[in-house]
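Here is the structure we will look at.
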Amino acid sequence: MNIHPHVLYIIIGGMIVTAIPRIIPFVVLQKLALPKTVLQWLSYIPICIFTALVMENLLVRTETSVTLNGQVLIAVLPTLVTALWSKNLLATVVVGIVSMAIVRLLWLG
Amino acid sequence: MSIATELSGTEPDSLSFLQGVKDCIPTLLGYVCIGFAAGIVGASSGVSTIEIALMSALVYAGASQFIMCSMLATASPPSVIILTTFIVNARHLLLSASLAPYFTKYSLWKNIGIGVLLTDESFGVASDKLAKGGQVSDRWMNGLNITAYLVWIASCVAGGILGNWISRPEALGLDFALPAMFLALLISQLQSIQASKLKHRLLLVLCMAVLMYLLSWWVPSHIAVIAATMITATIGVLTDK
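This is how it looks when you write it as structure tokens:
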């Protein structure tokens, strides 16, 4: 139970590089009034980023191709239905986890 | 500062710190599952519990922590680990930029405090509230962020301690908590859009999906996330009437 200097160095470096992109827009944009077009551009970010993060989990990169992850694809379906129907974040996460556990339990090969 | 102080007296409940804590609750299972998994992965990569605690408190970024642990296990050079951590987390530049215009009336230090604890999920909850016509405040955002932060650290540490007993966390489906949450946040965003604009937004979602697929042939997925988002947001502006 100790801290290696090497790991500490990496953690502090990691802290700096994760804090910078989070803080800079809050500091810069506090004083700067953005043009309407830029604000409109920024308003598309939530939809874009969440699609991207879902897709990131669906895609599998191999040496020669990009394919869909079959397990994730199956588990996404009940999760999507729950999100649409329940409109409840917690319910969606629970159904997602259970679906994935079942898919992995039954997955052959 | 003066505006914030004036508001605090008559602030509606929906903007209070406590309401921020309450609005964080639906996302907590996601933090617990992923934090738990991150702790287990850390322990199995030879990272000590105290190092896991320090990492979750200082770095505070799920995907980055997974990658840091796995790169530590393979003895990658520190410079490469730190650079990779930056690339994985660089999308927060977009998240912060999207949210920052709503907090301009608060002081510099309040803005820094809000920005430094911003996560995909707290961004999701805040942008969801805004998309549904609600308002955000510094107190509410802090309630949301600080609750998530404390639960994340506790979950990572619990995972690190229990990591010695659970060898395959993926069998429990815990890693799917994160994509499930992102899917729920995406659907929620789409459900709060006016009917007349829904088709446009759905086409943007389709555009994102195709771009993510195509870009993934050429660049690492974290770069694809940023590039596809910037391209699609630009297409969104150009095609919106």
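Going down the list, the sequences are from chains A and B. For the first sequence, counting from 1, position 18 maps to 17 in numbering that gives the first Met the number 0; every step adds exactly one. For the second sequence, counting from 1, position 174 maps to 173 in numbering that gives the first Met the number 0; every step adds exactly one. For glycine and all other residues, C-beta sits at the position ideal for the given N, C-alpha and C. As the structure is a computational prediction, the values presented were derived from the model and not from experiment.
Rank the options by C-alpha distance to the C-alpha of residue i and give the top, closest one.
| i | options | result |
| --- | --- | --- |
| Val209 of chain B | B:Lys198, B:Tyr148 and B:Thr231 | B:Thr231 |
| Ala89 of chain B | A:Ile101, A:Met99, A:Ile23 and A:His3 | A:Ile23 |
| Val75 of chain A | A:Val16, A:Met99, A:Pro4 and A:Lys86 | A:Met99 |
| Ser121 of chain B | B:Trp217, B:Ser154 and B:Met180 | B:Met180 |
| Phe175 of chain B | B:Phe35, B:Ala96, B:Ile24 and B:Val58 | B:Phe35 |
| Ser55 of chain B | B:Gly159, B:Met229, B:Arg138 and B:Lys21 | B:Gly159 |
| Pro4 of chain A | B:Leu17, B:Thr118 and B:Leu53 | B:Leu53 |
| Met229 of chain B | B:Gly41, B:His91, B:Gly29 and B:Thr84 | B:His91 |
| Leu83 of chain A | B:Asn144, B:Thr146, B:Gly123 and B:Gln190 | B:Gln190 |
| Gly69 of chain A | A:Asn56, A:Thr81, A:Leu79 and A:Val80 | A:Asn56 |
| Cys155 of chain B | B:Leu98, B:Ser43 and B:Gln18 | B:Ser43 |
| Tyr212 of chain B | A:Lys30, A:Ser42, A:Ile48 and A:Val65 | A:Val65 |
| Lys104 of chain B | A:Ile96, A:Leu31, A:Trp40 and A:Pro20 | A:Leu31 |
| Pro20 of chain A | B:Ala99, B:Ala194 and B:Leu185 | B:Ala99 |
| Thr233 of chain B | B:Leu17, B:Val224, B:Leu214 and B:Leu203 | B:Leu203 |
Would you mind sorting residue i into buried or exposed? The rule is 16 or more other CB atoms within 10 Å of its CB.
| i | result |
| --- | --- |
| Trp151 of chain B | buried |
| Asp127 of chain B | buried |
| Asp12 of chain B | exposed |
| Trp164 of chain B | exposed |
| Thr91 of chain A | buried |
| Arg60 of chain A | exposed |
| Ser187 of chain B | buried |
| Pro34 of chain A | exposed |
| Ala96 of chain B | buried |
| Thr36 of chain A | exposed |
| Cys79 of chain B | Here the sequence assigns Val to residue 79 of chain B, which means Cys is not the residue at that position. The residue in question, Val79 of chain B, is exposed, as its Cβ has fewer than 16 Cβ neighbours within 10 Å. |
| Thr50 of chain A | buried |
| Gly95 of chain A | buried |
| Thr73 of chain B | exposed |
| Ser220 of chain B | buried |
Please classify residue i: does DSSP put it in a helix, a strand, or coil?
| i | result |
| --- | --- |
| Arg138 of chain B | helix |
| Thr228 of chain B | helix |
| Leu116 of chain B | coil |
| Ala82 of chain A | helix |
| Ala89 of chain B | coil |
| Gln193 of chain B | coil |
| Gly34 of chain B | helix |
| Gly172 of chain B | coil |
| Lys109 of chain B | helix |
| Thr103 of chain B | coil |
| Asp22 of chain B | helix |
| Pro45 of chain A | helix |
| Lys198 of chain B | helix |
| Pro178 of chain B | helix |
| Pro77 of chain A | helix |
| Lys128 of chain B | helix |
Could you please give the first and the last residue of the uninterrupted alpha helix (DSSP H) stretch that includes residue i?
| i | result |
| --- | --- |
| Leu58 of chain A | Run containing Leu58 of chain A: none in the alpha helix (DSSP H); it sits in the beta strand (DSSP E), Leu58 to Arg60. |
| Leu14 of chain B | Here Leu14 of chain B belongs to no alpha helix (DSSP H), and DSSP marks it neither H nor E. |
| Val46 of chain B | It is not in any alpha helix (DSSP H) - Val46 of chain B carries neither H nor E in the DSSP assignment. |
| Thr66 of chain A | Not the alpha helix (DSSP H): Thr66 of chain A falls in the beta strand (DSSP E), residues Val65 to Leu67. |
| Gly95 of chain A | Leu88 to Leu105 |
| Trp40 of chain A | Lys35 to Ser42 |
| Ile66 of chain B | Gly61 to Ala72 |
Hey, could you find the ends of the beta strand (DSSP E) residue i is sitting in?
| i | result |
| --- | --- |
| Val16 of chain A | First-last for Val16 of chain A: Pro4 to Lys30, but that is the alpha helix (DSSP H), not the beta strand (DSSP E). |
Task: Segment contact, 8 Å Cβ cut-off, at least three pairs: the segment 129-136 of chain B with the segment 54-71 of chain A - done: No, the segment 129-136 of chain B is not in contact with the segment 54-71 of chain A.
Open item on the list: Taking 8 Å as the cut-off, does the segment 63-70 of chain B touch the segment 195-207 of chain B (at least 3 CB pairs, one atom from each stretch)?
Closed with: Not touching, per the Cβ criterion.
Open item on the list: Across the segment 106-119 of chain B and the segment 18-33 of chain A, are there enough close Cβ pairs to call them in contact, namely three or more that are closer than 8 Å?
Closed with: With contact defined as three or more Cβ pairs closer than 8 Å, the segment 106-119 of chain B and the segment 18-33 of chain A are in contact.
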